[in-house]
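Novice: Heads up: the protein sequence lines correspond to chains W and V, in order.
First residue of the first sequence: 20, per the numbering used here; consecutive thereafter.
First residue of the second sequence: 5, per the numbering used here; consecutive thereafter.
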Amino acid sequence: MDAPLPAKPRPNIDPVSRGFWENCRRGVLSVQRCDDCGNTHYPGTPVCPACLSSRQSWAPVSGRGTLVSWVRFHRAYWDSFRADLPYLVCLVRLEEGPLMLSNFAGEAPDEPPIGAAVEAAFDKVDDELTLPKFRVAV
Amino acid sequence: MSDYTHLKDCIAVVGVGNTAYGNFPDRDDYGLGAEAFRNALADCGLEKNKVDGLLVCRIPYYARMGEILGLSPRWTVPLPPHGRMSAMGIIEAAAALEAGLCDYAALIYANIGRSRRVNYGGEESPGVWDPFGFTSPGAAHALMFQQHRAKYGTTTRQLAEVSVAFRHHACLNPDAVMKQPISIDDHEAARPIVEPLRLLDYCLINDGAVCIILTTKERARDLKKRPIMISGIGAREAFETASIANYDPECWYHQARDVGRQVYGMAGVGPSDVDTLMCYDNFSPTVLFSLEGLGFCERGEAGGFVEGGALKVGGRLPTNTDGGHLSNSYMQGWALNVEAVRQLRGECGARQVEGAEVAQFCAITPCSRSIIYTRG
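This is the structure in structure tokens:
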């Protein structure tokens with residue numbers, strides 16, 4: 020019998036990022052928003068990069084965005100991704116502003132059109148972890 | 005902004021040295037650094053004990069380096085093993101020399117990444133995007149080139165011109181790691197790593213060390229070689245997308261523009277006066293971004309600019325005449341600064357740019373820097 024596949028890297032869930040990953044488990048995409056000045060950003064930060072306030076929340080976003088770029092990995096930097104080769108990573112600009120790297124949900128398009136509208140989809144890995152992915156909007 | 009331009013032509017590079025480049029499993033960072041230091045001292049004829057400033061980069065422990073070299077400096081700076089540090093370190097040392105914090109500064113860089121099997125991705129450099137399989141600086145450059153391609157129609161055959169020109173130079177450089185010429189077709193046929201980039205778009209990973217010795221213009225006169233002056237410097241960071249390491253949504257265009265304004269303004273020259281460019285090339289696309297941001301061509305036109313061997317010695321802008329990181333040695337910018345000095349001294353043999361008087365180093369990265377060197 021084959022050895023079990025090594026596990027893929029998991030997000031580092033800490034006091035700053037916990038709200039994001041809890042929202043993902045409920046199928047909600049969110050970005051960090053400063054309660055004082057309204058600055059929105061991702062990944063989360065311990066203080067607001069604009070006004071340095073410590074009062075920030077994970078605010079749900081529409082899940083809509085634009086495909087900024089994408090690449091196709093032909094090298095496995097982790098053994099756990101070897102079976103996926105070649106695999107795509109997409110870079111999305113959410114309509115609320117922040118950038119997110121992710122993968123395409125489901126079957127990845129061959130040559131995804133840069134500038135295309137995309138929307139979030141959620142990929143449940145296990146009970147603890149759901150990853151936000153994106154599909155080209157139809 | 006306070007004015008620093010009085011530093012123009014105040015500080016000189018007086019000594020440069022390097023080791024052989026390759027795979028040296030039986031050596032370590034300190035031994036390589038010491039050899040480069042010894043070579044740089046011999047290059048300028050400076051007595052070792054005159055060195056009272058020490059800047060180290062990618063050396064595990066600065067104090068151990070000082071112990072090995074028998075130095076008791078009054079100015080010491082350790083820098084992390086990031087590629088963008090070379091001109092940052094040279095500028096810091098120039099400011100320290102001008103302020104009188106030291107009289108002679110030795111800047112030592114060593115890299116033992118080849119024999120220690122450094123990967124630059126995966127578990128070595130954990131990041132927030134790991135669950136999606138995104139890692140490595142090369143992937144960030146692939147993202148940026150993909151955008152450049154979509155927006156401006158830049159082709160991978162144009163990108164290949166960068167790798168082909170630098171390999172040509174490496175074949176003229178006895179120190180260089182890579183010795184086989186390559187063609188545009190070789191570039192196109194190389195195995196993909198993170199598409200759209202292929203193996204020949206990636207820098208080497210090799211062992212080696214470099215040392216640069218700086219002092220003031222006045223002290224430089226007493227040393228062996230013609231001093232090479234720091235005539236211009238420019239600097240601007242881009243930290244806003246640091247979580248996507250080595251990525252900028254505008255390919256650092258705005259930072260490079262700012263750096264260009266500073267460096268050319270201080271040196272009193274423009275891109276058309278640059279006889280040879282030493283351009284940080286961890287991945288080939290950054291050369292295109294650098295050419296555009298510094299104003300060697302218009303934005304979006306670097307693909308056309310580099311066509312037809314423009315970056316080769318004898319071309320319109322001889323660039324990375326030692327072969328760069330792609331084909332000479334992955335000395336993270338330090339060897340490119342040495343090459344600028346050697347070009348202005350006329351020491352480059354088969355790869356010499358005839359009559360070179362103005363040499364520019366640039367690293368267009370999250371910490372963009374440029375230095376213009378001229379003959380003293």
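Quick reminder that beta carbons are idealized off the backbone N, C-alpha and C, glycines included.
Helix, strand or coil, according to DSSP, for V/A363 in the structure here?
Specialist: Residue state, collapsed to three classes: strand.
Novice: Can you say whether V/H10 is buried or exposed, counting buried as having 16 or more other CB atoms within 10 angstroms of its CB?
Specialist: With fewer than 16 other Cβ atoms within 10 Å, it is exposed.
Novice: With V/P82 as the anchor, note down where its alpha helix (DSSP H) starts and where it stops.
Specialist: Where V/P82 is concerned, there is no enclosing alpha helix (DSSP H), although the beta strand (DSSP E) it sits in stretches over 79-83.
Novice: Looking only at its own chain, which residues have a Cβ that is under 6 Å from the Cβ of V/G238, when we skip the five neighbours before and after it?
Specialist: Excluding sequence neighbours, V/G238 sits near V263, Q266, V267, S374.
Novice: Taking the alpha-carbon of V/R202 as reference, which of W/V50, W/R44, W/V90, W/S81 has the nearest alpha-carbon?
Specialist: Per the Cα distances, W/V90.
Novice: Which residues in the same chain as V/A360 place their Cβ atom closer than 7 Å to its Cβ, once the five residues preceding and following it in sequence are excluded?
Specialist: Here the set comprises D279, T280, Q347, L348.
Novice: Name the chain V residues that come within less than 7 Å of W/S121, Cβ to Cβ?
Specialist: What W/S121 touches in chain V: F136.
Novice: How long is the line joining the alpha carbons of V/F365 and V/I376, rounded to whole angstroms?
Specialist: For V/F365 and V/I376, the distance between alpha carbons rounds to 6 Å.
Novice: Hey, how far is the Cα of W/E126 from the Cα of V/A339?
Specialist: Spanning the two alpha carbons is a distance of roughly 45 Å.
Novice: So, with DSSP's three-state summary, where would you put V/Y124?
Specialist: In the structure shown, V/Y124 sits in coil (DSSP, three-state: anything other than H, G, I, E or B).
Novice: I'd like to know if W/R91 contacts chain V, where contact means its C-beta is closer than 8 Å to some C-beta of that chain.
Specialist: So, interface residue.
Novice: What residues in the region 152-177 of chain V have a beta carbon less than 9 Å from any beta carbon of chain W?
Specialist: Here the close residues are R153, A154, K155.
Novice: Could you check which residue in V/V181, V/C175, V/V198, V/K12 has the C-alpha nearest to that of V/S187?
Specialist: Considering only alpha carbons, the answer is V/C175.
Novice: Following the continuous alpha helix (DSSP H) through W/P151, name the residue where it begins and the one where it ends.
Specialist: No alpha helix (DSSP H) contains W/P151, which is instead part of the beta strand (DSSP E) from 149-155.
Novice: Just the Cα atoms here: how many angstroms apart are V/D205 and V/G327?
Specialist: Between V/D205 and V/G327, the C-alpha separation is close to 13 Å.
Novice: I want to verify the contact list: residues of chain V whose CB lies under 8 Å from the CB of W/F100, in sequence order.
Specialist: G137, listed in chain order.
Novice: Nearest CA to the CA of V/D32: which residue from V/E165, V/I72, V/P130?
Specialist: Closest option to V/D32, Cα to Cα, is V/I72.
Novice: Shorter than 8 Å from the beta carbon of V/A143 to some beta carbon of chain W?
Specialist: Yes - at least one Cβ of chain W is within 8 Å of the one on V/A143.
Novice: Use the C-beta contact count for V/S6: other C-beta atoms within 10 angstroms, 16 or more gives buried, fewer gives exposed.
Specialist: Counting Cβ neighbours within 10 Å, V/S6 comes out exposed, since fewer than 16 surround it.
Novice: Quick check on W/D142: does DSSP put it in helix, strand or coil?
Specialist: Three-state result, W/D142: strand.
Novice: Using the beta-carbon count (16 or more within 10 Å), is V/S76 buried or exposed?
Specialist: Exposed, by the Cβ-count rule.
Novice: Are the C-beta of V/D55 and some C-beta of chain W separated by less than 8 Å?
Specialist: The amino acid occupying residue 55 of chain V in the given sequence is Val; Asp does not appear at that position. Taking Cβ atoms only, chain W never reaches closer than 8 Å to V/V55, which makes this a no.
Novice: For W/P105 and W/P30, what's the separation of their Cα atoms in angstroms?
Specialist: Their backbone Cα atoms lie some 22 Å apart in a straight line.
Novice: When you compare the region 123-139 of chain V with the region 78-89 of chain W, are there three or more beta-carbon pairs, one atom per stretch, that lie closer than 8 Å?
Specialist: Too few Cβ pairs lie closer than 8 Å, so no.
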